[in-house]
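Asker: Under the working numbering, the first residue of the sequence shown is numbered 98, with each subsequent residue one higher.
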Amino acid sequence: MKCNRNDIVTKSLSNGSRSRMLRVGSAVLCAAVVGTMIGVAPDVGYKGFAPAYALAEEGGNDLFSDFFGTNGAGNQAEQSAPVEQNGAEQSSQGDGSFSSFFESGSGTTDPGTAQVSPTAPATSREAKYQGEAPALQQKFMTNEYYYANPDFVGYLTAGVSVSEPVPYSRDNEYYLTHNFLMEEDAAGAAFMDARCSLWPRSQQIVIHGHNQKDKTIFGSLDDMRRESNLKEHPIVEFDTIYEDGTYVVYAAFNASMNTDDSSFFNLERYNFDTQEEFDSYIAEVRERSMFDIPIDVNYEDELLTLVTCSYYQDNGRFILFARRLRANETVESVSALVQEAVKVKEH
Numbered sequence: 098m099k100c101n102r103n104d105i106v107t108k109s110l111s112n113g114s115r116s117r118m119l120r121v122g123s124a125v126l127c128a129a130v131v132g133t134m135i136g137v138a139p140d141v142g143y144k145g146f147a148p149a150y151a152l153a154e155e156g157g158n159d160l161f162s163d164f165f166g167t168n169g170a171g172n173q174a175e176q177s178a179p180v181e182q183n184g185a186e187q188s189s190q191g192d193g194s195f196s197s198f199f200e201s202g203s204g205t206t207d208p209g210t211a212q213v214s215p216t217a218p219a220t221s222r223e224a225k226y227q228g229e230a231p232a233l234q235q236k237f238m239t240n241e242y243y244y245a246n247p248d249f250v251g252y253l254t255a256g257v258s259v260s261e262p263v264p265y266s267r268d269n270e271y272y273l274t275h276n277f278l279m280e281e282d283a284a285g286a287a288f289m290d291a292r293c294s295l296w297p298r299s300q301q302i303v304i305h306g307h308n309q310k311d312k313t314i315f316g317s318l319d320d321m322r323r324e325s326n327l328k329e330h331p332i333v334e335f336d337t338i339y340e341d342g343t344y345v346v347y348a349a350f351n352a353s354m355n356t357d358d359s360s361f362f363n364l365e366r367y368n369f370d371t372q373e374e375f376d377s378y379i380a381e382v383r384e385r386s387m388f389d390i391p392i393d394v395n396y397e398d399e400l401l402t403l404v405t406c407s408y409y410q411d412n413g414r415f416i417l418f419a420r421r422l423r424a425n426e427t428v429e430s431v432s433a434l435v436q437e438a439v440k441v442k443e444h
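Shown next, in the form of structure tokens:
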């Protein structure tokens, strides 16, 4: 069952952690209120961390070559934020290969590519993100998620039963071994890639999560390999601290993260400098998709990509691709199109 946007505070976390969340959230909320009364700014966040929205973009590191590197232990290091300055051994329950994610990758993404040049003619998508970021959504600023974790950037519902609060990863390692409450936990959390930005929004936002055998985190994402599940659950919702977002699935496939594997797929694509580059990427995704889905994708669209472990390849991933609904579309209209989808490949 998916999380109701109007009742997001009551949605339980995976592994029975809701009671812990409520206790932590209430305590921090009280502390924030008291702090305000005595003149201490509430934006210090949980455990003294600055909230993700308040951090400024500081530039990126070469994360691709050691992505999800070594132990992922300890506190998160200070990170660059999902708001840019110009706008502001996995347990037996899960998979063990996720920690080697992208370990054979090459190259880096220049964080500056997410910024819109003030002299270049902007597309309508780019124009949307020029200027200051909007006010934070009140529904998130008053619930336990925001007060329990200052890295909180949104809530995700997808597939058969994915329903998770999403923090912004500081280094693409921490949330592999820590849950949303920032406690050590082999199940980790569903987290937004450190190289993505919320405002200005990266054209493609990538969210990672462990493929848990008990179906928590992204454990049920695997179920979207079935045509019947695709047709029943074609909609993905990712409501961020700035805006609600409704997306429709347009492709899905397995891939290897090993560059010397014939099934390698480069996930390190968050922004596209030209329409030709974008069109080439979408063509590759459609060619590899296990489904033929009659959902078109164009350069103005905002993309959301969900990634979890797969065991069909060495260092494999199952990747679900979605794009945001346009102004002239409804959930009903795009869902009707997905009913015409046909499975064309097993993997």
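Built from N, CA and C at the ideal position, the CB exists for glycine as well.
What whole-angstrom Cβ distance do Thr313 and Gly251 have, given they're in contact under 8 Å?
Answerer: The count along the sequence shown starts at 1 and reaches residue 313 at position 216. The count along the sequence shown starts at 1 and reaches residue 251 at position 154. Wrong, their Cβ atoms sit about 18 Å apart, outside the cutoff.
Asker: With the cut-off set at 8 Å, would you say Val382 and Phe335 are in Cβ contact?
Answerer: As a position in the sequence shown, residue 382 is number 285, starting the count at 1. As a position in the sequence shown, residue 335 is number 238, starting the count at 1. No.
Asker: Per the DSSP calculation, Ser407 is bridged to which residue(s)?
Answerer: For the purposes of this step, residue 407 is taken as residue 310 along the sequence shown, with counting starting at 1. Paired residue(s): Gly413.
Asker: Between the segment 360-372 and the segment 425-441, are three or more C-beta pairs nearer than 8 Å?
Answerer: With a cut-off of 8 Å, the segment 425-441 and the segment 360-372 do not count as touching, because too few Cβ pairs lie within range.
Asker: Quick check on Leu233: does DSSP put it in helix, strand or coil?
Answerer: As a working mapping, residue 233 is identified with position 136 in the sequence shown. Three-state result, Leu233: coil.
Asker: If you draw a straight line from the alpha carbon of Val346 to that of Ser260, how long is it in whole angstroms?
Answerer: Reading the sequence shown from its first residue, position 249 is the one you call residue 346. Reading the sequence shown from its first residue, position 163 is the one you call residue 260. Val346 and Ser260: Cα-Cα distance of roughly 16 Å.
Asker: Which term fits Ala255, buried or exposed, when burial requires 16 or more other beta carbons within 10 angstroms of its beta carbon?
Answerer: Walking along the sequence shown from the start, residue 255 turns up at place 158. Under this definition Ala255 is a buried residue.
Asker: The beta strand (DSSP E) spanning Val274 covers which residue range?
Answerer: Locating residue 274 in the sequence shown gives position 177, where the first residue counts as 1. Here residue 274 turns out to be Thr, not Val, going by the sequence shown. That residue, Thr274, is in no beta strand (DSSP E); its alpha helix (DSSP H) goes 271-274.
Asker: Alpha carbon to alpha carbon, what distance is there between Gly306 and Glu270?
Answerer: Walking along the sequence shown from the start, residue 270 turns up at place 173. Walking along the sequence shown from the start, residue 306 turns up at place 209. So the alpha carbons of these two residues sit roughly 11 Å apart.
Asker: Would Val431 and Pro331 be called neighbours here (beta carbons separated by less than 8 Å)?
Answerer: The residue labelled residue 431 in the question sits at position 334 within the sequence shown. The residue labelled residue 331 in the question sits at position 234 within the sequence shown. Cβ distance < 8 Å, so Val431 and Pro331 count as in contact.
Asker: Let me know the secondary structure DSSP gives Ser325 once reduced to three states.
Answerer: Position 228 of the sequence shown, counted from the start, is the residue given in the question as residue 325. It is helical.
Asker: Quick one: residues in its chain with C-beta nearer than 6 Å to the C-beta of Tyr396, no 5 flanking neighbours on either side, listed in chain order?
Answerer: Taking the sequence shown and counting its residues from 1, the one referred to as residue 396 is at position 299. Taken in chain order, the residues that qualify are Gln372, Phe375.
Asker: Which of the three DSSP states, helix, strand or coil, is assigned to Ala348?
Answerer: On the sequence shown, residue 348 is found 251 positions in, with the first residue counted as 1. Ala348 falls in the strand class under three-state DSSP.
Asker: Classify Pro231 as buried or exposed, calling it buried when 16 or more other Cβ atoms lie within 10 Å of its own Cβ.
Answerer: Numbered from its first residue, the sequence shown carries residue 231 at position 134. So Pro231 counts as exposed.
Asker: Could you tell me which uninterrupted beta strand (DSSP E) segments, each at least 3 residues in length, are contained entirely in the segment 279-347, listed from first to last along the chain?
Answerer: Runs found: 301-305, 332-337.
Asker: Could you check whether Gly285 and Tyr272 sit closer than 8 Å to each other, using their CB atoms as the reference points?
Answerer: As a working note, residue 272 is residue 175 in the sequence shown. As a working note, residue 285 is residue 188 in the sequence shown. In contact: Tyr272 and Gly285 (Cβ atoms closer than 8 Å).
Asker: From this set, Ala245, Gln300, Leu401, which residue's C-alpha is nearest Arg222's C-alpha?
Answerer: Numbered from 1 along the sequence shown, position 125 holds the residue referred to as residue 222. The shortest C-alpha separation from Arg222 is found at Gln300.
Asker: Rounded to a whole number of angstroms, what is the C-alpha to C-alpha distance between Val428 and Leu422?
Answerer: Taking the first residue of the sequence shown as position 1, residue 428 is located at position 331. Taking the first residue of the sequence shown as position 1, residue 422 is located at position 325. Using only the alpha carbons, I get a separation of about 8 Å.
Asker: Where Val333 and Ile304 are concerned, what is the direct C-alpha to C-alpha distance, given to the nearest angstrom?
Answerer: If you number the sequence shown from 1, residue 333 lands on position 236. If you number the sequence shown from 1, residue 304 lands on position 207. Cα-Cα distance, rounded: 12 Å.
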